[in-house]
Amino acid sequence: MQLTEHFSLAELQASTKAAQLRIDNAAPPEVLPRLRKLADLLERVRTYLDTPISVTSGYRCPALNKAVGGVTSSDHMLGMAADIVAPGYGTPYDIAKALAPQVSVLGIGQIILEGVRGKQWVHISTRVPDKPANRVITITDAGAQLGIQALV
Ligand SMILES: [Zn+2]
8 MQLTEHFSLA ELQASTKAAQ LRIDNAAPPE VLPRLRKLAD LLERVRTYLD
58 TPISVTSGYR CPALNKAVGG VTSSDHMLGM AADIVAPGYG TPYDIAKALA
108 PQVSVLGIGQ IILEGVRGKQ WVHISTRVPD KPANRVITIT DAGAQLGIQA
158 LV
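Going by this note's numbering, the final residue of the sequence shown carries number 159, and the count climbs one at a time with no gaps.
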């Protein structure tokens, strides 16, 4: 099912980890409206970056979220977050730097530059975090920092 012009439901629930572990990561019906909203956000980000973006993790059922070590309150489980990369634009740091000043304009609730366990990606959510200061943060193996920080 196509959610928006460039994003399908299949892409937002695809997971190699789920396939490996034979976890059924199909989003339940009540999550679909949130995934549509998320796809709308991804379209705005794609338009702003002017390049295709790949979703490396979208919806996660509770079993998958646990398997990937996601936090128990993860927006991924609500269908409100996607991890993205856009090699055509640049590194995750480049992408996060470009998007961070535009969070209100683009309707990004939260953006996290993540560089953990040797991998890097940008997490965007449609939900504004309870603590507004956490709206733009960087998370590395060393912990969380406010703002978008260079990954070393
Ligand atoms: Zn994420």
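Positions of the beta carbon are idealized from the N, C-alpha and C atoms, including for glycine. Note that this is a predicted model, so its numbers are computed, not measured.
Reduced DSSP secondary structure (H/G/I, E/B, other) of residue i
| i | result |
| --- | --- |
| E12 | coil |
| Q156 | coil |
| I102 | helix |
| A74 | helix |
| A107 | helix |
Environment of residue i [buried if 16+ CB atoms lie within 10 Å]
| i | result |
| --- | --- |
| G65 | buried |
| A103 | buried |
| M87 | buried |
| R53 | buried |
| Q20 | buried |
| M8 | exposed |
Endpoints, the beta strand (DSSP E) within which residue i is located
| i | result |
| --- | --- |
| S111 | That residue, S111, is in no beta strand (DSSP E); its alpha helix (DSSP H) goes V110 to L113. |
| A88 | A88 to V92 |
| K126 | K126 to S132 |
| T147 | V143 to T147 |
| T23 | From DSSP, T23 is part of no beta strand (DSSP E) but of the alpha helix (DSSP H) over T23 to L28. |
| T63 | S61 to S64 |
Boundaries of the alpha helix (DSSP H) in which residue i is found, first to last residue
| i | result |
| --- | --- |
| D82 | D82 to L85 |
| H50 | Just to set this straight, residue 50 is Glu in the shown sequence, not His. Taken as a continuous stretch (DSSP letters only), the alpha helix (DSSP H) holding E50 covers L39 to L56. |
Minimum C-alpha distance to residue i - residue among the options
| i | options | result |
| --- | --- | --- |
| A151 | Q20, R51 and E121 | E121 |
| D137 | G95, G116, Q9 and Q20 | G116 |
| A105 | A89, D47 and L56 | L56 |
Contact check, residue i vs residue j, beta carbons under 9 Å
| i | j | result |
| --- | --- | --- |
| F14 | V92 | no |
| P99 | V78 | no |
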